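K.L.:
Using full-length UniProt numbering, the first residue of the sequence shown is number 1, and each one after it goes up by one. Just so you know, even glycine gets a beta-carbon here, dropped at the ideal spot from N, CA and C. Please read all numbers here as calculations on a predicted model, not as lab measurements.
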Amino acid sequence: MEDFHSAGYRKDPRTQQVVGLFGIFDGHGGPNAADYVRCNLFTNMMQSQKFVSDLPGCVAEAYEVTDAQYLKQDATAGRDDGCTAVTAVLVGQRLLVANVGDSRAVLSRGGRAVALSVDHKPNVKEERTRIESAGGVVVWAGTWRVGGVLAVSRAFGDRPLKKFVVPTPAMMDENLTAEDEFLLLASDGLWDVMSNQEAVTLIRDIKDPEQAAKKITEEALGRGSNDNISCVVILFQR
Ligand SMILES: *[C@@H]1O[C@H](CO)[C@@H](O)[C@H](O)[C@H]1NC(C)=O
Ligand SMILES: *[C@@H]1O[C@H](CO)[C@@H](O)[C@H](O)[C@H]1NC(C)=O
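(1) Output the distance between the C-alpha atoms of residue 196 and residue 22, rounded to the nearest integer angstrom.
(2) Let me make sure I understand the geometry here. Which of 128, 137, 193 and 235 has the alpha-carbon closest to that of residue 179?
(3) Please report the straight-line C-alpha distance between residue 206 and residue 216, rounded to a whole angstrom.
(4) Does at least one heavy atom of ligand 2 sit under 8 Å from the Cβ of residue 112?
(5) Residue 1: buried (16+ other C-beta within 10 angstroms of its C-beta) or exposed?
(6) What are the start and end residues of each continuous alpha helix (DSSP H) run of 4 or more residues lying completely inside the stretch 102-155, in chain order?
(7) With DSSP as the reference, please indicate the residues paired to residue 22 in a beta bridge.
(8) Looking at the unbroken alpha helix (DSSP H) that takes in residue 71, where does it start and where does it end?
(9) Does the beta carbon of residue 173 fall short of 8 Å from some heavy atom of ligand 2?
(10) Using the C-alpha atoms, what's the distance from residue 106 back to residue 115?
(11) Could you please give the first and the last residue of the uninterrupted beta strand (DSSP E) stretch that includes residue 234?
(12) Would a C-beta distance cut-off of 9 Å place residue 160 and residue 85 closer than the cut-off?
(13) Check whether the stretch 38-48 touches the stretch 56-70, counting contact only when three or more Cβ pairs, one atom from each stretch, lie closer than 8 Å.
(14) Specify the secondary structure class of residue 228 as computed by DSSP and reduced to three states.
(15) For residue 14, is the beta carbon positioned less than 8 Å from some heavy atom of ligand 2?
(16) Taking the C-alpha atoms as reference points, what is the distance between residue 281 and residue 233?
(17) On the DSSP letters alone, give me the boundaries of the beta strand (DSSP E) that residue 271 sits inside.
(18) Since residue 70 contacts residue 156 with CB under 8 Å, what's their CB separation in whole angstroms?
(19) Helix, strand or coil, according to DSSP, for residue 42 in the structure here?
(20) May I ask you to check if the CB of residue 94 is nearer than 8 Å to at least one heavy atom of ligand 2?
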């Protein structure tokens, strides 16, 4: 199992504000990066001077800092694995979603699936241009891969490809409204076999988020997904 997740609330010691912190981290080449990022990313976020006055700034900074820390401690261990991340920070009605790689965040807005993440694939024009400008190549090997190796174009870790595989997150800043029902975070093991809308429709009537998460993973397994599947369902009180 190379997927890790995190879900919970923490109190900001400076403002006493309670903050919801949720994430899915899908490892490749080993579980070390995913485990490291799960344990350190949110702590780095909350320790930033920008928390929560500049939420996007502090999230972007925490992604960069956590990646640099991981690479540093990992160099001595002689490892070079990596991971994706999709994270959601909930402060009151404000929801900040960030991601690198192909784990996704999908919001149910009145039953309509709204994508709050971007799949970082090496064949996307903007990503390919960025990789090639840095001296890298995108090669077809079963799917499009950075250097013929990695099927995502942004990630934590991945030391040998670091010039091309950056930890710079895509971010979406939302104010939740009365129409917003739940947020689903999941690794690509789910999205390989299910569209965003299918996932939302499948669990919309389930009132217990844990049951909803179980239902969706069972459905993905039933559809023959052969990758690890992890998901977090965050149900909003209305
Ligand atoms: C997770 O994926 C790995 C690699 O594909 C596989 O060997 C392992 O059996 C999977 N684990 C679970 C719990 O699905
Ligand atoms: C969310 O609401 C705040 C306060 O009303 C506003 O300043 C901000 O621009 C809104 N953000 C978005 C993304 O709509």
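P.N.:
According to the data block:
(1) 19 Å
(2) 235
(3) 11 Å
(4) no
(5) exposed
(6) 125-133
(7) 7 and 88
(8) 55-77
(9) yes
(10) 5 Å
(11) 231-235
(12) no
(13) yes
(14) coil
(15) no
(16) Because the chain in this structure spans residues 1 to 238, residue 281 falls outside the shown range and cannot be described.
(17) Residue 271 falls outside the range modelled here, since the chain spans only 1 to 238, and no answer is possible.
(18) 6 Å
(19) helix
(20) yes
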